[in-house]
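Novice:
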Amino acid sequence: MRRMIGLITIGLLILSFCIAQVFAATKLIKIDGSSTVFPITEAVAEEFQKQYSGIKIMVGISGTGGGFKRFYRGETDISDASRPIKLKEVELCKENNIGYIELPVAYDGLAVVVNPQNTWVDYLTVKELKKIWEPAAQRVITRWNQIRSSFPNEEIHLFGPGTDSGTFDYFTEAICGASGSSRGDYTASEDDNVLVEGIASDPLALGYFGLAYYEQNKDKLKIVPIDDENDTNGKGPIIPSLKTVRDSTYQPLARPIFIYVSTKAAQKDEVKKFVEFYLKEAKRLVVEVGYIPLSDEAYEAALERFQKGITGSVFGGKGVKIGIKMEELLRMEK
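Heads up: the sequence shown begins at 62 in our numbering, then just goes up one per residue.
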């Protein structure tokens, strides 16, 4: 009996050693950040791991701001971001000796959506969106007919990204005039799927998030065309789509999205392989998950930026830049 117990113990020790060896041989890439960029990074990671089975990739969705917090603490290798890095985040990276390479990976539109049972909203203007979302609207603008008199005298239930979200930063800058300037009495989440389900189950709801989440759930959501009121496109209310985001007629709710790679992590062979794979395959995979790809030139410029180890942000650490066009982004990358 003792001999059998001894053999079992030895067997368990050998098994534990073998498992430990397998895990030791598996290289890990840690990524966190934007829920908007998450579907792209997840798709790239899945394709990458088919070719490199010895490399495991963990992708989180704590929001752009939450991702940068982990990034400047040195907890992650790559940070997904739906806006450029902010000055305070640049300073914290510097304090913690975290260098970074900024790489654009796609272009995205922000979708304003309502429940399909909403029959009264045919479009909204930027001015009306501001009236709904500005800080002064909190506990004041609470009914649909306060937005437009032809709308019904019913409560409006709002859904939007949390304050750690880059989408929140961009939307508030574009619509309310300052990043972070928003009413706080709405249902907030860094997980866009939570917002989708909330709006899909509430006939009086209105919310916003990345266009790809609408594309994935268009059977249970209704998209709202937006009129920028400045006649920059000369076409009145515009529905966000691959075409209108790419040709910049959908404004001001269109933006580039990014990954940020730690310079320390970039020295690792597995991270180098993954980022190069990401930039080479992004154009194909971006479309598959509902986003708008950059031009070939932009991806080539980003790849060159990574391979040369060019650090810092082309936005000068100033964060959000409203209405930037593809051509401008390409020039900045070059």
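Just so you know, even glycine gets a beta-carbon here, dropped at the ideal spot from N, CA and C.
With distances taken from CA atoms, which of 320, 331, 342 is nearest residue 372?
Specialist: Nearest option by C-alpha distance: 320.
Novice: Could you check how far apart the C-beta atoms of residue 163 and residue 146 are, in whole angstroms? I think they sit under 8 angstroms.
Specialist: 7 angstroms between Cβ atoms; contact.
Novice: Could you check the C-alpha separation between residue 293 and residue 222 for me, to the nearest Å?
Specialist: For residue 293, the pLDDT reaches just 49, beneath the cut-off of 50, and the residue's location in the model is therefore unreliable, leaving the point undetermined.
Novice: Closest to residue 225 by CA distance: which of 102, 90, 123, 374 is it?
Specialist: Measuring from the Cα of residue 225, the nearest candidate turns out to be 123.
Novice: Can you tell me whether DSSP reads residue 324 as helix, strand or coil?
Specialist: Residue 324: helix per DSSP, three-state reduction.
Novice: Report, in whole angstroms, the separation of the C-beta atoms of residue 98 and residue 173, which I expect to be a contact under 8 angstroms.
Specialist: The Cβ separation is near 20 angstroms, so there is no contact.
Novice: Less than 7 angstroms between the beta carbons of residue 125 and residue 143, yes or no?
Specialist: Yes; because the gap between Cβ atoms is below 7 angstroms, this pair is in contact.
Novice: Hey, residue 359 and residue 165 are a contact pair by Cβ (cut 8 angstroms); roughly how many whole angstroms apart?
Specialist: At roughly 6 angstroms, the Cβ-Cβ gap stays under 8 angstroms, so residue 359 and residue 165 are in contact.
Novice: Excluding five sequence neighbours on each side, which residues of the same chain lie with their C-beta closer than 7 angstroms to the C-beta of residue 303?
Specialist: Once the five neighbours on either side are set aside, the close Cβ partners of residue 303 are 353.
Novice: Rounded to whole angstroms, what is the Cα-Cα separation between residue 366 and residue 186?
Specialist: The alpha-carbon atoms of residue 366 and residue 186 are separated by roughly 38 angstroms.
Novice: Do residue 94 and residue 169 come within 7 angstroms of each other at the CB atom, strictly closer than that value?
Specialist: Cβ atoms of residue 169 and residue 94: not closer than 7 angstroms.
Novice: How many Å lie between residue 202 and residue 305 at the Cα?
Specialist: Cα-Cα distance, rounded: 30 angstroms.
Novice: Measure from the alpha carbon of residue 175 to the alpha carbon of each residue in 278, 334, 324, then state which is nearest.
Specialist: That would be 278, whose Cα lies nearest to the Cα of residue 175.
Novice: Look up residue 152 in the DSSP assignment and say whether it is helix, strand or coil.
Specialist: In the structure shown, residue 152 sits in a helix (DSSP, three-state: H, G or I).
Novice: Is the beta carbon of residue 91 sitting closer than 7 angstroms to the one on residue 137?
Specialist: Yes. Within cutoff.
Novice: Which residue comes first and which comes last in the beta strand (DSSP E) that contains residue 222?
Specialist: Element bounds for residue 222: 218-222.
Novice: Would you kindly work out how many angstroms separate the C-alpha atoms of residue 210 and residue 273, rounded to a whole number?
Specialist: Approximately 32 angstroms between the Cα atoms of the pair.
Novice: Could you please give the first and the last residue of the uninterrupted beta strand (DSSP E) stretch that includes residue 270?
Specialist: From DSSP, the beta strand (DSSP E) with residue 270 extends over 266-271.
Novice: Less than 7 angstroms separating the beta-carbons of residue 268 and residue 256?
Specialist: For residue 268 and residue 256, yes; Cβs fall inside 7 angstroms.
Novice: For the ligand GDP, I want to know if residue 126 counts as a neighbour, meaning its beta carbon is within less than 6 angstroms of at least one of the ligand's heavy atoms.
Specialist: With respect to the ligand GDP, the structure offers nothing, as it holds no ligand at all.
Novice: So, using beta-carbon positions, are residue 248 and residue 241 closer together than 7 angstroms?
Specialist: No, Cβ-Cβ distance for residue 248 and residue 241 is not below 7 angstroms.
Novice: Looking at the structure shown, is residue 87 part of a helix, part of a strand, or coil, going by DSSP?
Specialist: In the structure shown, residue 87 sits in coil (DSSP, three-state: anything other than H, G, I, E or B).
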